[in-house]
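The following block contains the structure:
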């Protein structure tokens with residue numbers, strides 16, 4: 138796992154104590170596109186399951202994740218696909 | 004969303020509010036519907052076309068101020084952004100999920116958005 142992904146994992150674990158967390162680096166699929174960087178780590182998919190999302194609408198769930206990763210989104214991360222759910226949902 | 008206590012509405016913010024108010028379905032995207040400049044924008048265009056939803060496409064790449072203010076307007080950091088009947092629905096992930104499970108079609112019907120299925 139690259140340095141950016143590792144930082145994202147730590148932040149998400151701290152913010153949401155997830156019961157499931159998968160971070161995939163999709164940068165290879167976007168080579169040569171706008172926003173793609175040398176060395177990858179620009180495009181990610183995050184699948185996260187946490188009790189923190191229970192009773193929260195999907196727009197707000199994604200806002201929560203985006204806020205937790207605001208620094209990364211303002212910096213190296215060009216695109217982030219998010220699937221956030223609550224356990225059992 | 005915009006704060007009612009704001010006394011100063013910038014021309015860009017007025018444009019955004021007007022676009023969202025005046026169109027049943029409006030997509031703020033990178034590029035134009037016939038030529039999206041980003042895979043996520045292209046995906047949402049494809050889904051709307053597939054459902055037969057008529058929509059207005061607003062190219063945020065045409066104006067740097069617009070590109071930034073749309074993010075503040077919706078408290079959403081990324082493009083594309085889809086609005087239906089004045090309401091922010093979500094970005095590419097949410098549109099894809101709602102299309103996949105049939106919710107998007109139901110929502111359009113519930114909100115009285117006509118679907119022109121071929």
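Protein chains in written order, with the working numbering: chain F, 138 to 226; chain U, 4 to 121.
Ideal Cβ placement from N, Cα and C applies to all residues, glycine included.
is_contact[residue 210/F, chain U] using C-beta, thresh 7 Å: Within the first chain, numbered from 1, the residue matching residue 210/F stands at position 73. Judged by the 7 Å Cβ criterion, residue 210/F is in contact with chain U.
Every unbroken beta strand (DSSP E) inside the segment 11-66 of chain U [3 residues or more]: 28-32 and 59-62
Specify, as a first and last residue, the run of the beta strand (DSSP E) that residue 210/F falls within. Numbered from its first residue, the first chain carries residue 210/F at position 73. Element bounds for residue 210/F: not the beta strand (DSSP E) but the alpha helix (DSSP H), 207-211.
CB contact check: residue 93/U to chain F, cutoff 7 Å: Your numbering for residue 93/U matches position 90 in the second chain. Answer yes: the Cβ-Cβ gap between residue 93/U and chain F drops below 7 Å somewhere.
When the Cα of residue 16/U is compared with those of 117/U, 100/U and 77/U, which residue comes out closest? For the purposes of this step, residue 16/U is identified with residue 13 of the second chain, where counting begins at 1. Among 117/U, 100/U and 77/U, the Cα nearest to that of residue 16/U is on 77/U.
Hey, residue 101/U and residue 56/U are a contact pair by Cβ (cut 8 Å); roughly how many whole angstroms apart? Along the second chain, read from residue 1 onward, the residue named residue 101/U stands at position 98. Along the second chain, read from residue 1 onward, the residue named residue 56/U stands at position 53. Not confirmed; about 12 Å, so no contact.
Limits of the alpha helix (DSSP H) - the one that residue 163/F falls within: On the first chain, position 26 is the one that residue 163/F refers to. Segment: none, residue 163/F is in no alpha helix (DSSP H) and carries neither H nor E.
Using a C-beta cutoff of 7 Å, does residue 113/U count as contacting chain F? The count along the second chain starts at 1 and reaches residue 113/U at position 110. It does not: the Cβ of residue 113/U has no partner Cβ on chain F nearer than 7 Å.
Quick one: which residues of the segment 36-48 of chain U get their C-beta closer than 9 Å to a C-beta of chain F? List them in chain order. 40, 41, 42 and 43
Contacts of residue 200/F in chain U (Cβ-Cβ under 9 Å): Working through the first chain from its first residue, we reach residue 200/F at position 63. Result: 78, 79 and 80.
Along chain A, which residues have their Cβ under 9 Å away from the Cβ of residue 195/F? Absent from the structure: chain A. Protein chains present are F and U.
Proximity test, Cβ basis, 7 Å: residue 164/F and chain U: If you number the first chain from 1, residue 164/F lands on position 27. Chain U contact via Cβ: absent.
Helix, strand or coil at residue 193/F according to DSSP, with G and I counted as helix: Translated into positions along the first chain, residue 193/F becomes position 56. In the structure shown, residue 193/F sits in coil (DSSP, three-state: anything other than H, G, I, E or B).
What is the rounded straight-line gap between the Cα of residue 209/F and the Cα of residue 217/F? Numbered from 1 along the first chain, position 72 holds the residue referred to as residue 209/F. Numbered from 1 along the first chain, position 80 holds the residue referred to as residue 217/F. Straight-line Cα distance between these residues: approximately 10 Å.
Assuming residue 202/F and residue 221/F are in contact, meaning their beta carbons sit under 8 Å apart, how far apart are those beta carbons, in whole angstroms? Position 65 of the first chain, counted from the start, is the residue given in the question as residue 202/F. Position 84 of the first chain, counted from the start, is the residue given in the question as residue 221/F. Rounded, the Cβ-Cβ distance is 6 Å, consistent with contact.
Residue 61/U and residue 31/U look like a contact to me (Cβ under 8 Å); what is the Cβ gap, rounded to whole Å? In the second chain, counting from the first residue as 1, residue 61/U sits at position 58. In the second chain, counting from the first residue as 1, residue 31/U sits at position 28. Correct: roughly 5 Å between the Cβ atoms.
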